[in-house]
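Residue numbers (UniProt numbering), protein chains in the order written: chain A, 1 to 479; chain B, 1 to 479.
2 protein chains.
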Amino acid sequence: MNEASINAFFTPRGVAIIGASARQGSPSNQILKYSKEMSLTGNVFPVNPTAKEIEGLKCYGSLLEIPETVDLVVISVGASKALNVAYEIKERREAVGDAGAVAIVSAGFKELGTEEAIALQDEMIATIKSCGARVIGPNCQGVVDIYNGINTTFSVPPVTLKGGLTIISQSGAFATSYLRWAKDHKLVGINKFVTLGNMADVDVTETLAFMADDERTKVIAMYLEGTTDARKLMDVAKSVTSKKPIVAIKAGRTAAGSNVAHSHTASIAGDDNIYDGAFKQVGIIRANTIAEFYHTGRVFDKMPIPKGNRICILTVVGGPSTICVDALTETGEAQLAHFSDELVTSVQAVLSGNANVGNPDGYIDMTASITPVMHKDALALLMADDSIDGIIFITTPPGFIGSEDLAKAIEEGYNAVPEEKRKPLFSVLMAGNAVGDCRVMLEEKGFPTFEYPDEAARVMINMIRYSNYLKHNGVDERM
Amino acid sequence: MNEASINAFFTPRGVAIIGASARQGSPSNQILKYSKEMSLTGNVFPVNPTAKEIEGLKCYGSLLEIPETVDLVVISVGASKALNVAYEIKERREAVGDAGAVAIVSAGFKELGTEEAIALQDEMIATIKSCGARVIGPNCQGVVDIYNGINTTFSVPPVTLKGGLTIISQSGAFATSYLRWAKDHKLVGINKFVTLGNMADVDVTETLAFMADDERTKVIAMYLEGTTDARKLMDVAKSVTSKKPIVAIKAGRTAAGSNVAHSHTASIAGDDNIYDGAFKQVGIIRANTIAEFYHTGRVFDKMPIPKGNRICILTVVGGPSTICVDALTETGEAQLAHFSDELVTSVQAVLSGNANVGNPDGYIDMTASITPVMHKDALALLMADDSIDGIIFITTPPGFIGSEDLAKAIEEGYNAVPEEKRKPLFSVLMAGNAVGDCRVMLEEKGFPTFEYPDEAARVMINMIRYSNYLKHNGVDERM
């Protein structure tokens, strides 16, 4: 048999869920429900010898009994039963020619570290691969494709927003936490979601390579524990980053963390310094914290890449802005923009008499005497000025400006210039859930918001790093 | 006249609000409303020559007309009118003997950097001080004392929770952002709240010294831009930290940030390396990010100080825990605890057969086969073990465990040991607002929760730093 394409995971003509369960709330029930709810074709086939029908779908006794085309097989049975399913996949593929993509959600394999578990995984994978089928997992949550209506997870709800972010993760829990974090305030829209678990066949490198040519993937957020061939990963990453950004968080940086990673997905974390240097060389943007990872991934989807490192601060709050400027300038990669006399005069003209425009250079404190129109007008002037590459707007939204008015002012200020003039605009709303409605309005329109001004600064630096990488590698056309 | 005590700001027999306004939503109206709503005595006196009554309170034409005792005067008029108020304060204090505490909320003084504004501030302050009264501000939001019902701000709502945290800040917006951040999930309970603005009289050093002996202050969270006498600040801080922790965030670390601070409160930020070294020497715990500052302040209020640096990870999610262990161990200040064989056996006995107990040492992955009772029993065993100094529990709460059951299990596990055995327990709930109810239940019972496991680790390290400081300075009795 020919080897199946990775594409089969994302565009299967039919999906079989082996071990689908009728027990409400169980993972194997949830997987079926999500698959059914999201499917654009309706070709979802539960397999469970003890049931005739689950969730209103005809249930089959085995994979071999399904009369229709099944490109994607999801294995969600106990580890001891998984080997038998592998042989059925081989049999089916050799007989019918489909079943080329296999997502093994079951755990209890190599990550346990026992000889039996390792042998079981090896035989299962070898069996499936012997007929040219490809495997994601085991010990993973498989794949989601929001646009194509594919979902093998029990944790990514069908209501997840569409966007240009693709998540690749060795940890299922880590990837789903990202979406749960984002949900309430609509912070993230995704395209694809791939959790790789033990990476017994398809690994992070091959997945990355696939996403390079995936048109709907605008940015890749990658959680990495380790890989057996770091050099190959970096070679592939280099070709990807010339087309779209990769944001990575690397786990197992320390000896203790590396031991945890090994007990988790049998990964070998490797020397962190080598990874760190390699990431820089191939243009992977490394996040130092989970919060930074979450935000950096999403801003690349929502905002254009900055043309340079000259950032303007527009604020109504001095203290938080001081901390923002510290974080922005401390690495030397970003600087406050230089305001021309004309810009200072024109911004002063649209703000109140108390406003501080340009002390220090690149910094504007509108003070508390503000209106929505001032926000809009000031933003429009800053957007139009070519000596500014990005804007961080910081506010503790005052009670006398309504959420809708504030969101609209930001949107109108940003959109006052044509698309080719646009630059990243981050809005820091320091108010917890108190202005949740304003946050959601902005996020829905594609304007990233933040809670902490220093985090916004660090994420802006990450955007600048990618911009610099493209420039230094002669890849300017995207900007 | 004798110099008034700082105490008058927090326990005034009467409060006059100069410039109180009837205009709904304006700061000067809000200050009056909050003062009235929170006052335990009812002695709140609006002063405004254009009104007879505001918010149901008799309004006076000037401070001099108030027939009752006024210990605290809040100035909330335009800068140009503030000098006249200063002379009235002097007149009243010399005639009646009260009016010893003055909070100047008005802005438009030294922070503008103009000669006139500086001269105006100087004359105003000199006038007030000449009669022994003390000044907080100008360009600040003044003080809050939640227990005594005092509130001179327009931004700290009367519903703010009571607790042991006292906030001292040169930036009003920064301090109120902390409370807005905390509000929805009830993350923080405060005692006092002091914003100092331009620090023309009472400064951060004197405020710190006062809090050393303030019994309800269990921990101090301090936002600092700069001080004219750093040595004195450190001397005072040293005596405070022998009694209670100080968590600080220092703004103006960079040249650009320092310029912003100067335009904000006329502060001189000073050399950051000197501050950094001095903080360490006197036991001030420095937060590197706003998020870390917010959390570190609050955990010292909610949890006991750890006796050592041996931390146990209890988790259901491998990936996020790997990142947590990286963050926990990377500075060398914390380590994973060592489990005795007895502990491993007893923890294994209360968890499912799949659970990983002690691989690596100090680490427990309960896996997805969990019940509330397992959480409770495992926590109780870890709490009782003297080779563990702190616990970080990490979960993406599964759908099959109810929020209330989870919160109760955590509480019962923690409380299974007597108070003297208690150690810090952080609960990381990686789920955004999806488990907001569980978060609130835990926070209300005094159990700090987190969104990010690496942040929890960094905050645990901050607790360990303070514990180490106390040990190395012979101050062990608090632990």
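Backbone N, C-alpha and C fix where the C-beta goes; we use that ideal spot for every residue, glycine too. All figures in this text were calculated on a predicted structure; none of them were measured in a lab.
Give a yes or no on whether the C-beta atoms belonging to P453 (chain A) and S321 (chain A) are separated by under 8 Å.
Locating residue 453 (chain A) in the first sequence gives position 453, counting from the first residue. Locating residue 321 (chain A) in the first sequence gives position 321, counting from the first residue. The answer is yes: Cβ separation under 8 Å.
Helix, strand or coil: which one does DSSP assign to Y60 (chain A)?
Locating residue 60 (chain A) in the first sequence gives position 60, where the first residue counts as 1. If DSSP states are grouped into helix, strand and coil, Y60 (chain A) belongs with the strands.
Collapsed DSSP secondary structure at L161 (chain B) in the structure displayed
Working through the second sequence from its first residue, we reach residue 161 (chain B) at position 161. Three-state DSSP puts L161 (chain B) in coil, outside helix and strand.
Interface residues of chain A facing P360 (chain B) [CB-CB closer than 8 Å]:
Numbered from its first residue, the second sequence carries residue 360 (chain B) at position 360. The contacting residues are A256, N259, V260 and S263.
Taking G113 (chain A) as the reference, give the member of A:K471, A:A266 and A:V247 with the closest Cα.
Your numbering for residue 113 (chain A) matches position 113 in the first sequence. Out of A:K471, A:A266 and A:V247, A:A266 has the C-alpha closest to the C-alpha of G113 (chain A).
Skipping 5 residues on each side, what residues in its chain have a beta carbon closer than 6 Å to that of N151 (chain B)?
Counting from 1 along the second sequence, the entry for residue 151 (chain B) is found at position 151. Excluding positions up to five away in sequence, the list reads Y34, S35, M38 and V144.
Under the three-state DSSP convention, the category Q281 (chain A) falls into:
The count along the first sequence starts at 1 and reaches residue 281 (chain A) at position 281. Here Q281 (chain A) sits in helix by DSSP.
Please confirm whether G155 (chain B) and T127 (chain B) have their CB atoms less than 8 Å apart.
Working through the second sequence from its first residue, we reach residue 155 (chain B) at position 155. Working through the second sequence from its first residue, we reach residue 127 (chain B) at position 127. Looking at the sequence itself, residue 155 (chain B) is Ser, so the reference to Gly does not match. No.
Excluding the five sequence neighbours on either side, which residues of its own chain have a C-beta within less than 8 Å of the C-beta of G149 (chain A), listed in chain order?
Here residue 149 (chain A) corresponds to residue number 149 of the first sequence, with the count starting at 1. Cβ within range, chain order: M38, S39, L40 and T41.
With 8 Å set as the bound, which would you pick, yes or no: does the beta-carbon of residue 480 (chain A) sit closer than that to a beta-carbon of chain B?
This structure does not reach residue 480 (chain A), given that chain A is present from 1 up to 479, and the question cannot be answered.
Under 8 Å between C-beta atoms, does D326 (chain A) make it to chain B?
If you number the first sequence from 1, residue 326 (chain A) lands on position 326. D326 (chain A) counts as touching chain B.
Would you mind telling me which residues of chain B sit closer than 8 Å to P320 (chain A), beta carbon to beta carbon, in chain order?
As a working mapping, residue 320 (chain A) is identified with position 320 in the first sequence. Simply S171, A173, F174, S177 and I290.
Following the continuous beta strand (DSSP E) through P46 (chain B), name the residue where it begins and the one where it ends.
Looking up residue 46 (chain B) in the second sequence gives position 46. Counting along the chain, the beta strand (DSSP E) containing P46 (chain B) begins and ends at V44 to V47.
So if DSSP puts M222 (chain B) in a beta bridge, which residue, or which two residues, is it bridged to?
As a working mapping, residue 222 (chain B) is identified with position 222 in the second sequence. M222 (chain B) is bridged to B:I168 and B:A248.
Exposed unless 16 or more other CB atoms sit within 10 angstroms - verdict on K280 (chain B):
As a first step, residue 280 (chain B) is located in the second sequence; it is residue number 280 there, counting from the start. K280 (chain B) should be labelled exposed.
Short CB-CB distance (under 8 Å) between I370 (chain B) and chain A
Within the second sequence, numbered from 1, the residue matching residue 370 (chain B) stands at position 370. False, the Cβ-Cβ gap to chain A never drops below 8 Å.
DSSP three-state assignment for V70 (chain B), whether helix, strand or coil:
The residue given as residue 70 (chain B) occupies position 70 in the second sequence. Coil.
Comparing C-alpha positions only, which one of B:A278, B:G163, B:S28 and B:L351 sits nearest to E444 (chain B)?
In the second sequence, counting from the first residue as 1, residue 444 (chain B) sits at position 444. Answer by Cα proximity: B:G163.
With 16 other Cβ atoms within 10 Å as the buried cut-off, status of D326 (chain A)
As a first step, residue 326 (chain A) must be located in the first sequence, where it is residue number 326. The residue in question, D326 (chain A), is buried, as its Cβ has 16 or more Cβ neighbours within 10 Å.
Residues of chain B with CB under 8 Å from M430 (chain A), in chain order?
Sequence index remark: in the first sequence, residue 430 (chain A) carries index 430 (1-based). Simply A173, S177, R180 and W181.
Report, in whole angstroms, the separation of the C-beta atoms of M460 (chain A) and L328 (chain A), which I expect to be a contact under 8 Å.
Within the first sequence, the letter at position 460 stands for residue 460 (chain A). Within the first sequence, the letter at position 328 stands for residue 328 (chain A). Yes, they are in contact, since the Cβ atoms of M460 (chain A) and L328 (chain A) sit about 7 Å apart, within 8 Å.
Write down the C-beta distance between D389 (chain A) and K307 (chain A) rounded to the nearest angstrom, noting that I regard them as a contact closer than 8 Å.
The residue labelled residue 389 (chain A) in the question sits at position 389 within the first sequence. The residue labelled residue 307 (chain A) in the question sits at position 307 within the first sequence. Confirmed, Cβ separation roughly 5 Å.
Alpha-carbon spacing of M479 (chain B) relative to S467 (chain B), whole angstroms:
Residue 479 (chain B) sits at position 479 when you count from the first residue of the second sequence. Residue 467 (chain B) sits at position 467 when you count from the first residue of the second sequence. Low confidence applies to M479 (chain B): its pLDDT is 46, below 50, so where it sits in the model is not reliable enough to give any reading.
I want to verify the contact list: residues of chain B whose CB lies under 8 Å from the CB of L336 (chain A), in sequence order.
Counting from 1 along the first sequence, the entry for residue 336 (chain A) is found at position 336. Per Cβ cutoff of 8 Å: A256.
So with CB distances below 8 Å, who are the chain B contacts of G25 (chain A)?
Taking the first residue of the first sequence as 1, we reach residue 25 (chain A) at position 25. In chain order: G399 and F400.
Given 8 Å, three or more beta-carbon pairs between the segment 249-269 of chain A and the segment 311-320 of chain B:
yes
From this set, B:A269, B:I104, B:I6 and B:Y275, which residue's C-alpha is nearest A255 (chain B)'s C-alpha?
Position 255 of the second sequence, counting from 1, holds the residue named residue 255 (chain B). The residue with the shortest Cα to Cα distance from A255 (chain B) is B:A269.
How should D235 (chain B) be labelled, buried or exposed, when 16 other C-beta atoms within 10 angstroms of its C-beta is the threshold for buried?
In the second sequence, counting from the first residue as 1, residue 235 (chain B) sits at position 235. Exposed.
Rounded to whole angstroms, what is the Cα-Cα separation between L63 (chain B) and S76 (chain B)?
Residue mapping note: residue 63 (chain B) aligns to position 63 of the second sequence, counting from 1. Residue mapping note: residue 76 (chain B) aligns to position 76 of the second sequence, counting from 1. Cα to Cα, the separation comes out at about 13 Å.
In the segment 223-244 of chain B, which residues sit with their C-beta less than 9 Å from some C-beta in chain A, listed in chain order?
Y223 and E225
Cβ-based contacts, 9 Å cut-off: residues of the segment 424-452 of chain A near chain B
M430, A431, G432, N433, A434, V435, G436, E451 and Y452
Determine, using beta-carbon pairs with one atom in the segment 394-402 of chain A and one in the segment 425-439 of chain A, whether at least three such pairs fall under 8 Å.
yes
What are the start and end residues of the beta strand (DSSP E) that includes S427 (chain B)?
Residue numbering aside, residue 427 (chain B) sits at position 427 when the second sequence is read from its first letter. Unbroken beta strand (DSSP E) run through S427 (chain B): L425 to L429.
Kindly indicate which residue of B:D386, B:V373, B:N84 and B:I391 has the alpha-carbon position closest to the one of I364 (chain B).
Mapped onto the second sequence, residue 364 (chain B) falls at position 364. The candidate whose alpha carbon is nearest that of I364 (chain B) is B:I391.
What does the Cβ neighbour count give for P448 (chain B), buried or exposed, with the cut at 16 atoms within 10 Å?
If you number the second sequence from 1, residue 448 (chain B) lands on position 448. Buried, because 16 or more other Cβ atoms sit within 10 Å of the Cβ of P448 (chain B).
Should L32 (chain B) and E55 (chain B) be called a contact, given that it needs their Cβ atoms to be closer than 8 Å?
The residue labelled residue 32 (chain B) in the question sits at position 32 within the second sequence. The residue labelled residue 55 (chain B) in the question sits at position 55 within the second sequence. Yes, Cβ-Cβ distance for L32 (chain B) and E55 (chain B) is below 8 Å.
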